[in-house]
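Below: one structure, written as structure tokens.
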Amino acid sequence: MFQAPRGTADILPEEQGYWRFCRSKARETATSFGYRRIDTPLFEDARLFVRGVGELTDIVEKETYTFEDRGGDLLTLRPEGTAPVCRAYLEHGMSNLPQPVRLYYVCPAFRYERPQSGRSRQHHQFGIEVLGDGDAIIDAEVIEVAWRFLGSVGLSDLELSINSIGDGECRPQYIRTLQDHYRQHSGILCHDCTRRLEHNPLRLLDCKVDSCQPVIGGAPHSVDYLCDACDAHWSSLRGHLFALGLPYAVNHRLVRGFDYYTRTVFEVTPPVEGSQTTIVGGGRYDGLIEELGGKPTPGIGFGMGIDRVILNLKRQEVAPPEYRDTKVLVAHLGEAAKAEAVKLASKLRQAGTAALVGPAERGLRSQLRYASAIDATHAVIIGDDELAKGVVVLRDLSKSAQHEVDPDRLVQELQSAGGNGC
RNA sequence: GUGAGCGUGGUCAAGUGGUUAAGACGCCAGGUUGUGGCCCUGGAGAUCGAGGGUUCGAAUCCCUUCGCUCACCCCA
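In the working numbering, each residue's number is its place in the first sequence (first place is 1) plus 109.
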């Protein structure tokens with residue numbers, strides 16, 4: 110038997126309510142801030158992510174789905190949304206549009222990882238990007254979009270963490286200071302941190318091993334090493350967040366996995382301890398567009414894991430709204446009635462009412478049982494008696510009441526009966 | 001890449017060496033010669049993940065393998 114590939118999952122009909130809910134809230138929130146939707150291809154030139162995300166990141170080093178197509182092109186299934194959007198911005202000359210350009214997307218992303226709770230090989234991201242404006246009001250806006258979205262779906266008790274990791278001007282010196290600090294304690298570092306010290310020094314800060322905690326505790330803070338411009342940006346951001354009433358916490362240990370981040374980084378996590386908890390991660394990437402061949406252009410955005418949002422909705426027992434529209438099952442008895450049922454169901458659908466024909470070769474009782482099972486609101490019954498009289502029976506399944514109707518008036522009757530609302 | 005736990009009908013799940021592998025939900029039928037949701041009765045549906053071994057006898061013990069889950073790494 111075939112199974113869905115490891116790390117992938119079917120989203121079954123019972124689950125779709127959550128997805129429809131999240132997607133529509135994402136669209137509503139993003140458009141209310143003036144963002145416009147963009148869809149980029151599922152796969153891109155493999156080099157885009159090497160350049161954009163960073164050659165030495167785990168994602169590019171060992172997590173991409175990369176393959177050669179039949180024409181010999183090397184392609185990669187998108188592992189994240191920012192680099193493709195920046196590519197599109199450049200390819201379509203969006204730098205000539207009024208700046209800044211605000212874009213959002215909802216799309217799947219792929220990473221070859223060992224799956225676990227909240228992490229799979231195909232996940233879905235709601236993301237936004239603002240290109241062409243480096244002011245801190247944009248940073249605050251992007252964070253606000255994430256925060257408002259999460260509120261709109263009903264998640265509460267979330268924690269918003271922010272930090273600034275400086276830019277090309279000031280970060281190198283900070284990293285040197287950080288490494289110096291760590292080298293003084295190299296004796297007690299865990300295995301991973303010994304590696305990180307040379308390979309990915311910023312990552313030293315979010316090591317979870319107990320023995321490394323004292324070293325982290327004494328580590329210098331990146332915000333204390335910001336150059337004047339970055340420092341001004343940083344305090345401006347905090348001022349705007351405060352003014353907007355967003356309850357942020359400065360986390361000096363917050364760093365992010367992509368090479369392209371500059372200045373602001375942020376994430377939102379739920380209050381549960383554990384591992385794969387980050388719901389939203391984002392930050393500023395003022396060097397990325399240039400890295401991809403454009404002129405220097407500031408940018409900032411976030412990626413949000415919809416799968417993780419839904420995980421938390423379930424954890425907090427937030428149910429998506431239910432939609433219950435009129436749905437008619439046309440039950441039939443006998444060959445002549447069966448043919449009539451097919452025609453009648455078709456007519457109902459064309460008039461805009463969901464309708465389906467009862468399962469053939471079954472008794473009326475079975476057909477009505479089926480009607481209940483699929484949440485039909487009404488049943489139409491056609492048998493020899495009705496055919497002879499030129500009527501059909503319309504049964505309201507929620508009220509258990511029925512009456513005969515002229516088939517030509519059926520659409521009208523159903524409309525006046527209406528659905529049960531939401 | 002590393003570590004741990006778990007694989008029994010569609011789903012959940014009992015069974016821990018001894019005749020035809022419980023039960024529940026779901027599915028189908030009947031109870032109502034044409035009337036659902038509740039209830040009652042009956043039925044279908046499992047080579048106990050796969051392969052090998054131990055044994056008179058294996059779902060049960062051992063080995064291998066595949067899969068799933070969780071955690072680490074890392075990330076949404």
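All C-beta atoms, glycine included, are put in the ideal place defined by N, C-alpha and C.
Residue i burial status per 10 Å Cβ neighbour count (16 or more: buried)
i      : result
Cys531 : Caution applies to Cys531, whose pLDDT of 32 falls short of 50 and renders its modelled position unreliable; the value that the coordinates give is listed next. Result: exposed.
Ser273 : buried
Arg220 : buried
Pro114 : exposed
Met203 : buried
Gly391 : buried
Pro477 : Pro is not the amino acid found at residue 477; the sequence shown has Leu there. Buried.
Tyr198 : buried
Thr373 : buried
Tyr334 : buried
Tyr432 : exposed
Ser229 : buried
Glu470 : exposed
Ala485 : buried
Ile419 : buried
His342 : buried
Glu376 : buried
Pro405 : exposed
Met110 : exposed
Lys171 : exposed
Pro323 : exposed
Phe176 : exposed
Span of the alpha helix (DSSP H), counted from its first residue to its last, around residue i
i      : result
Asn205 : Careful: Asn205 lies outside any alpha helix (DSSP H) and carries neither H nor E.
Glu189 : No alpha helix (DSSP H) holds Glu189; DSSP gives it neither H nor E.
Thr140 : Gln125 to Ser141
Gln288 : Arg280 to Arg292
Thr149 : Note, Thr149: premise wrong, no alpha helix (DSSP H); not H, not E.
Ala488 : Element bounds for Ala488: not the alpha helix (DSSP H) but the beta strand (DSSP E), His487 to Ile491.
Leu453 : Glu444 to Gln459
Ile271 : Per DSSP, Ile271 belongs to no alpha helix (DSSP H); it is in the beta strand (DSSP E), Glu268 to Ser273.
Val251 : Ala245 to Val262
Tyr174 : Here Tyr174 belongs to no alpha helix (DSSP H); instead the beta strand (DSSP E) covers Tyr174 to Glu177.
Val324 : Gln322 to Gly326
Start and end residues, beta strand (DSSP E) containing residue i
i      : result
Phe111 : Here Phe111 belongs to no beta strand (DSSP E), and DSSP marks it neither H nor E.
Val169 : Not the beta strand (DSSP E): Val169 falls in the alpha helix (DSSP H), residues Asp167 to Lys171.
Ala440 : Lys436 to His441
Glu513 : Ala510 to Val514
Cys216 : Val210 to Phe219
Gly414 : Gly408 to Gly414
Thr371 : Thr371 to Thr378
Gly390 : Val389 to Arg393
Leu503 : Val501 to Asp505
Val359 : Tyr357 to Val359
Ala464 : Ala463 to Val466
Top-ranked residue by Cα proximity to residue i, from the options
i      : options                           : result
Leu422 : Asp266, Gly296 and Arg211         : Asp266
Asp178 : Thr166, Phe111, Asp154 and Phe158 : Asp154
Lys498 : Arg156, Glu513 and Val364         : Glu513
Glu426 : Lys171, Val262 and Ser229         : Val262
Thr166 : Val502, Arg365, Arg223 and Val466 : Arg365
Cys299 : Ser320, Arg312 and Glu307         : Ser320
Val210 : Val381, Ser507 and Gly410         : Gly410
Gln234 : Ile246, Tyr213, Gly241 and Asp242 : Tyr213
Ile415 : Val159, Arg393, Ala218 and Leu157 : Ala218
Leu496 : Asp505, Pro516 and Ala510         : Pro516
Leu157 : Gln524, Leu401 and Asp301         : Leu401
Leu59  : Pro468, Val520, Arg136 and Cys336 : For residue 59 there is no data in the structure shown, the boundaries of the chain being 110 and 531.
Val381 : Gly227, Asp182 and Gly180         : Gly227
Contacting residues, own chain, Cβ-Cβ under 8 Å from residue i (five flanking each side not counted)
i      : result
Leu397 : Gly161, Thr191, Ala192, Cys195, Tyr369 and Gly408
Gly163 : Val169, Phe367, Asp368 and Tyr369
Residues of its chain near residue i, where Cβ-Cβ distance is below 6 Å and the 5 sequence neighbours each way are ignored
i      : result
Tyr357 : Leu269, Ile271 and Leu350
Lys436 : Ala463, Ala485 and Thr486
Neighbourhood of residue i by C-beta distance below 7 Å, restricted to the same chain and skipping five residues each side
i      : result
Thr138 : Val254, Arg257, Phe258 and Ser261
Thr117 : Ser229, Arg230 and Gln231
Arg280 : Ile274
Lys452 : none
Gln282 : Tyr334
Q | Inter-stretch contact (C-beta, 8 Å, three-pair minimum) for the stretch 281-293 and the stretch 322-334 | A | Counting C-beta pairs closer than 8 Å gives three or more between the stretch 281-293 and the stretch 322-334, which meets the contact rule.
Q: Inspect the CB distances between the stretch 246-265 and the stretch 351-371 and report whether three or more fall short of 8 Å.
A: yes
Q. Does the count of Cβ pairs from the stretch 269-286 and the stretch 441-460 closer than 8 Å reach three?
A. no
Q. For the stretch 446-460 against the stretch 487-495, are there 3 or more C-beta pairs whose distance is under 8 Å?
A. Taking one beta carbon from each stretch, the stretch 446-460 and the stretch 487-495 have 3 or more pairs nearer than 8 Å; the two touch.
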